[in-house]
Structure formats: C-alpha cells, structure tokens
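A.B. asks: This is the structure I have questions about; it appears just below.
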Amino acid sequence: AQKVTQAQTEISVVEKEDVTLDCVYETRDTTYYLFWYKQPPSGELVFLIRRNSFDEQNEISGRYSWNFQKSTSSFNFTITASQVVDSAVYFCALSDQAGTALIFGKGTTLSVSS
Amino acid sequence: NAGVMQNPRHLVRRRGQEARLRCSPMKGHSHVYWYRQLPEEGLKFMVYLQKENIIDESGMPKERFSAEFPKEGPSILRIQQVVRGDSAAYFCASSPGHGPQIAQYFGPGTRLTVL
C-alpha cells in the first residue's frame with residue numbers, strides 16, 4: 002500500500018529562521034512521483050514542486066529547496082530565511098502508478114512569527 | 042489566465058438536503074479530480090473524470106455521492122441526503138493530461154457545513 006507520512010504536525014519558527022519539513026513515503030512502485038503543495042490560510046492548494054523517482058538531484062527555487070533521498074524514502078522541504086508569508090499548511094503527496102490519485106500526508110502547519 | 046474555479050466557496054445545508062458542488066477546470070484541461078479534506082486530515086481522493094466519463098471512482102462513498110462531467114459545463118459533485126459527517130472541504134483539481142508525472146492543479150475548495 003502507498004502511504005505518505007508527515008510526522009511534524011505543527012512547527013513554529015521566528016522570521017529568518019530556516020525550517021525543514023519532513024516527508025517519508027512508502028510505495029512498491031519503481032517509478033513514482035512526489036509533490037509538495039502549500040495551503041495558505043485562504044484555503045487554496047498551491048502546487049510547489051514535482052519530483053520523479055529517477056532524479057535524486059536536489060532542487061532549489063529561491064528560498065525553497067527539496068532533498069530527495071530514495072535510500073531513506075524521504076522528500077524533505079527546506080525554507081531558508083522564513084517569512085511570515087510562508088505560514089501555511091504544507092502537504093507532501095505521492096502519485097499512484099496510474100497517475101489518478103494523489104496520496105497526501107496529513108500536512109504540517111508552519112507558523113512563522115515576526 | 043483563470044485557474045480552477047469552484048463554487049460555491051461555502052455551502053451550508055441541513056441534514057437530509059442535497060449539496061451540489063461545481064468545478065470548472067483550467068482552460069485546456071479535460072481531466073478532473075475530486076478530493077475531500079476532513080478536519081485535521083490530508084486530502085483523500087474521491088473520483089477522476091474526463092468529459093462525459095467517470096474513469097475511477099474508487100474513493101467515492103458507495104451511497105449518496107455521485108459525480109459528473111458533462112460535455113458542456115462544469116463538473117458536479119452531488120451529495121444527496123447530507124449527514125453531519127459530510128462536513129468537509131471538497132477540492133477539485135484538473136490536469137491537461139493523465140499520468141503520474143502530470144501535476145494536478147487545485148481549485149480553492151468548497152467548504153460544506155451540514156447543520
């Protein structure tokens with residue numbers, strides 16, 4: 002069975018701190034895709050990144066970076082120099098082999114205070 | 042360049058009434074997915090549709106829930122005889138194609154409250 006675990010329910014940091022959100026997944030598929038989404042207080046889900054299982058290169062986009070490690074089945078997300086606008090619920094998701102259903106973790110609520 | 046549109050954003054129903062949730066996919070997207078988010082939970086897949094066809098409804102409750110995506114107009118998620126346990130946020134997503142590598146783009150959700 003496929004599963005995504007986000008062990009951190011809530012994280013609170015002060016502005017300019019770096020923060021890492023953990024994501025561990027389980028799948029028997031050899032090819033799979035992982036995603037991160039952001040859900041700000043307004044409620045919509047914003048797509049952040051997609052990563053396939055064959056590409057273990059870390060990715061950086063501005064203050065965001067992602068560390069994919071197949072050996073530990075993890076796809077962690079780091080925000081550098083956090084800002085108040087980063088406050089949101091962050092979801093990690095795994096695509097099923099057919100690409101139909103995204104399997105979501107329960108999310109990590111990040112609160113950044115000034 | 043409009044994203045996925047959902048309406049209404051908030052819907053209040055009394056037990057036993059019907060709820061109709063609408064979703065207009067992004068322009069050029071013909072694949073629609075519905076998810077439900079219960080309080081303190083991640084999103085759970087419900088159904089995947091293409092125009093006029095239900096492709097995968099493995100996540101839909103067996104009774105009272107139905108979905109359609111007609112040739113013209115938005116996709117509709119219909120809940121008959123709502124109960125308090127149906128209170129949740131319902132998200133629609135769309136994609137331009139289908140496959141595990143294709144990102145799904147989500148709408149703002151409809152928050153259903155059953156009194």
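Taken in sequence, the protein lines are chains D and B. The opening residue of the first sequence carries number 2 in the numbering used here; numbering runs sequentially from there. The opening residue of the second sequence carries number 42 in the numbering used here; numbering runs sequentially from there. Every residue, glycine too, gets a C-beta built ideally from N, C-alpha and C.
(1) Taking buried to mean at least 16 other C-beta atoms within 10 Å of its own C-beta, is isoleucine 80/D buried or exposed?
(2) Judging by CA-CA distance, which residue of Gln142/B, Ser107/B, Pro80/B is the nearest neighbour of valine 88/B?
(3) Just confirm the distance between the C-beta atoms of phenylalanine 105/D and glycine 148/B, as a whole number of angstroms; I'd bet it's less than 8 Å.
(4) I'd like to check one pair, aspartate 87/D with leucine 111/D: are the Cβ atoms closer than 8 Å?
(5) For arginine 64/D and tyrosine 38/D, I'd like the C-alpha separation in whole angstroms.
(6) Indicate the three-state DSSP secondary structure (helix, strand or coil) for valine 87/D in the structure shown.
(7) Among Ala82/D, Ala94/D, Thr109/D, which residue has its Cα nearest to the Cα of lysine 17/D?
(8) Since glutamine 70/D is in the beta strand (DSSP E), which residue starts that stretch and which ends it?
(9) Here's a check: name, in chain order, each residue in its chain whose Cβ is nearer than 6 Å to the Cβ of asparagine 53/D, leaving out the five neighbours to either side.
(10) Using the Cβ count rule (16 or more neighbours within 10 Å means buried), how would you classify proline 66/B?
(11) Could you give the uninterrupted runs of the beta strand (DSSP E) lying entirely in the region 22–57 of chain D, keeping only those of 3 residues or more?
(12) Buried or exposed for histidine 72/B, please, with buried defined as at least 16 other CB atoms from any protein chain shown within 10 angstroms of its CB.
(13) Is it the case that the Cβ atoms of serine 10/B and threonine 154/B are separated by a distance below 8 Å?
(14) Any beta carbon from chain B within less than 8 Å of lysine 107/D's own beta carbon?
(15) Is it right to say alanine 2/D is buried, meaning 16 or more other beta carbons lie within 10 angstroms of its own, or is it exposed?
(16) Using the three-state DSSP reduction, which class does arginine 54/B fall into: helix, strand or coil?
(17) Starting from histidine 72/B, follow the beta strand (DSSP E) in both directions and report where the run begins and ends.
C.D. replies: Concretely, from the data shown:
(1) Burial call: buried.
(2) That would be Ser107/B, whose Cα lies nearest to the Cα of valine 88/B.
(3) That belief does not hold up - the Cβ atoms of phenylalanine 105/D and glycine 148/B are roughly 16 Å apart, past 8 Å.
(4) Closer than 8 Å, so yes.
(5) Taking the straight line from one Cα to the other gives about 15 Å.
(6) Per the sequence presented here, residue 87/D reads as aspartate, with valine not at that position. Reduced to three states, the DSSP call for aspartate 87/D is helix.
(7) Answer by Cα proximity: Ala82/D.
(8) For glutamine 70/D, the enclosing beta strand (DSSP E) starts and ends at 65–70.
(9) Scanning its chain for C-beta atoms nearer than 6 Å, with the 5 sequence neighbours on each side dropped, one finds around asparagine 53/D the residues Tyr34, in chain order.
(10) Proline 66/B should be labelled buried.
(11) Correct list: 25–27, 34–40, 47–53.
(12) Result: buried.
(13) As displayed, chain B neither begins before 42 nor continues past 156, which places residue 10/B out of reach and without an answer.
(14) For lysine 107/D, the answer is yes, since a Cβ of chain B falls inside 8 Å of its Cβ.
(15) So alanine 2/D ends up on the exposed side.
(16) Correct three-state label for arginine 54/B: strand.
(17) 72–78 is the span of the beta strand (DSSP E), which, as asked, contains histidine 72/B.
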